[in-house]
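Chains as they are written, first to last, in our numbering: chain A, 298 to 628; chain B, 363 to 617.
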């Protein structure tokens, strides 16, 4: 290749009136040079392999790169939260300290007493709440799915029930909780019904919009190929509805859990919500906050460990999250 | 033997909010296609080509007239290659192929793999459509159309969205698979060169959906666009289009 020093001097030309662009001599084919084609066309020289790290990290020092790691950022946020909490603990006697909460909850798990009050009811309330929650979702999600598919596929059903479903969707979980408590009293039915009624509109509306978002050209294609009803239902209808359906199911999981807690708080004699209220009424803030934190922890773990993994598996073709409580942080 | 019999086919779209006028897409089309022939329907935009195929496929209904697509007296199985691939984005290439099969048996899977191999895509059967180029997706569309063992193969400008090089390569794939199967084919295009390269017969439509000419193409296969014989037929087709346009203009002026 011609060295820069050997290039002919720049001279003004029609496209370069000031002679600023250096002229290069045309490449000459060289014998036995694998980068030179017979036609004289010379392959561009291979650039040296540089930093192969993603561009977002390039140019940062090692500590700064570490600070950009998602899990490090998450850890920092958690530590800040703990520090603020600890400060509030010192500043106010109404905020229980973290070690106090942990100690209280440990006693709940293992049995024992707090200030003369017998504690040790952990697995009973937790198991009962989870059972009610599971039953409520097991009824609410399929019912909402069937209603949503009917709303999406039939204009008649849509005309009949769409507005009603939207109104039900607009009702907050607390309304369902109170209604269920009024209707069924202090029984296990009330929390289950509240979860069912909270879940149905979310699932139905999302399934319905999922069906209607399916590309009509795919339906034309199915019609032209006379695709069987089974394949159309499984592959086209359910497959195309899945992203929206997943959003609906995740919303049902979270709002259903909220609804359950409220019903148990106001109208139950057992369960996580009831236990949190028990300690609230007893002015044991450590117990109250401990149970509320457990409530938050469970729904977060459910979302992160189950729903998001399922979502990733189901959306390999897309890899766009439908709904997340946080950005994708590698969990 | 597969037959497509089109009699006095008319399609008029009613006014819409965005275009408050009636639109005549087809104006009394008569044509028949019988046997293992490759027929190109050639016409400019707005001549009702896609509407014609959609009615033959049963996707649209005609305003008047009739279409009979039969194989030995019974309704024919149709394979349709659309302008765009129309693949289910959430299914893999192989599952997109199997979607049009009634039963997902080992045999249908092997058949799907065979046609994917014919279009050079057996290695990507496990990928999703979004992971393929537009040309590869269209090849899946072609393979899918042949997989249903169609009596009649319908193709609606399948290469119109491709760049010239990809379109040329896809035409070669299509010729290869068609020569292997020899299905009755109805191929819609506005590209004269494409029509002459692929078809045994060219039916020409003018705007308003009226057939104005029908030219046989008796050239050996495979054909190459640079072949002088192919070029001669192209010239003849273009000359007839020019005559038609001149006649339409003259008629309009005289009217």
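C-beta: ideal position from N, C-alpha, C; glycine also.
Bear in mind that the values here come from a model prediction, so they are computed numbers and not experimental data.
Residue i: first and last residue of the uninterrupted beta strand (DSSP E) it sits in
i: residue 548(B); result: 546-551
i: residue 548(A); result: First-last for residue 548(A): 536-564, but that is the alpha helix (DSSP H), not the beta strand (DSSP E).
i: residue 402(B); result: 400-404
i: residue 367(A); result: Residue 367(A) -> not in any beta strand (DSSP E); alpha helix (DSSP H) instead, spanning 367-388.
i: residue 575(B); result: 572-578
i: residue 525(B); result: It is not in any beta strand (DSSP E) - residue 525(B) carries neither H nor E in the DSSP assignment.
i: residue 577(A); result: That residue, residue 577(A), is in no beta strand (DSSP E); its alpha helix (DSSP H) goes 569-578.
i: residue 431(B); result: 426-433
i: residue 443(B); result: 440-443
Classification of residue i by the beta-carbon crowding that lies within 10 angstroms, buried from 16 upward
i: residue 363(B); result: exposed
i: residue 522(A); result: buried
i: residue 393(A); result: buried
i: residue 460(A); result: exposed
i: residue 492(B); result: exposed
i: residue 607(B); result: exposed
i: residue 534(B); result: exposed
i: residue 518(B); result: buried
i: residue 403(A); result: exposed
i: residue 473(B); result: buried
i: residue 457(B); result: buried
i: residue 575(A); result: buried
i: residue 384(A); result: exposed
i: residue 626(A); result: Here the model assigns residue 626(A) a pLDDT of 36, short of 50, so the residue's position is not dependable, and the following value carries that caveat. It counts as exposed.
i: residue 478(A); result: buried
i: residue 401(A); result: buried
8 Å Cβ cut-off: residues of chain A touching residue i
i: residue 410(B); result: Within 8 Å Cβ-Cβ: nothing; residue 410(B) doesn't reach chain A, min ~17 Å.
i: residue 442(B); result: 518, 521, 522
i: residue 376(B); result: Within 8 Å Cβ-Cβ: nothing; residue 376(B) doesn't reach chain A, min ~18 Å.
i: residue 469(B); result: None at all; the shortest Cβ gap to chain A is about 16 Å.
i: residue 492(B); result: 614, 615
i: residue 451(B); result: 614, 615
Within chain A, partners of residue i - CB distance below 7 Å
i: residue 464(B); result: 525
i: residue 435(B); result: By Cβ distance, chain A contributes nothing, its closest Cβ being about 18 Å from residue 435(B), past 7 Å.
Three-state secondary structure assigned by DSSP to residue i
i: residue 364(B); result: strand
i: residue 463(B); result: coil
i: residue 426(A); result: helix
i: residue 495(A); result: helix
i: residue 437(A); result: helix
i: residue 379(B); result: coil
i: residue 468(A); result: coil
i: residue 568(B); result: strand
i: residue 449(A); result: helix
i: residue 347(A); result: Residue placement at residue 347(A) is poorly supported in this model, since its pLDDT is 48, which falls under 50; the coordinates still yield a value, given next. If DSSP states are grouped into helix, strand and coil, residue 347(A) belongs with coil.
i: residue 477(B); result: helix
i: residue 396(B); result: strand
i: residue 359(A); result: helix
i: residue 372(B); result: strand
i: residue 384(B); result: coil
i: residue 515(B); result: strand
i: residue 391(A); result: coil
i: residue 563(B); result: strand
i: residue 582(B); result: coil
i: residue 524(A); result: coil
i: residue 590(B); result: helix
i: residue 391(B); result: strand
i: residue 437(B); result: strand
i: residue 298(A); result: With a pLDDT of only 41 at residue 298(A), under the threshold of 50, the placement of this residue in the model should not be trusted; the figure read from the coordinates follows. Reduced to three states, the DSSP call for residue 298(A) is coil.
Chain B residues whose Cβ lies nearer than 7 Å to that of residue i
i: residue 514(A); result: 448
Rounded distance between the beta-carbons of residue j and residue i, thought under 8 Å
i: residue 442(A); j: residue 363(A); result: Actually they do not touch by this definition, with Cβ atoms about 45 Å apart.
i: residue 515(B); j: residue 441(B); result: 5 Å
i: residue 508(A); j: residue 449(A); result: 3 Å
i: residue 604(A); j: residue 547(A); result: 6 Å
i: residue 538(B); j: residue 480(B); result: 7 Å
i: residue 491(A); j: residue 557(A); result: 7 Å
Partners in chain B for residue i, counting only beta-carbon separations shorter than 9 Å
i: residue 421(A); result: Correct list: empty, because the minimum Cβ distance to chain B is about 43 Å.
i: residue 528(A); result: 460, 461, 462, 463, 464, 466
Residue range of the alpha helix (DSSP H) that includes residue i
i: residue 558(B); result: 554-560
i: residue 505(B); result: 496-509
i: residue 612(A); result: Unbroken run through residue 612(A): none, as it is neither H nor E.
i: residue 419(A); result: Here residue 419(A) belongs to no alpha helix (DSSP H), and DSSP marks it neither H nor E.
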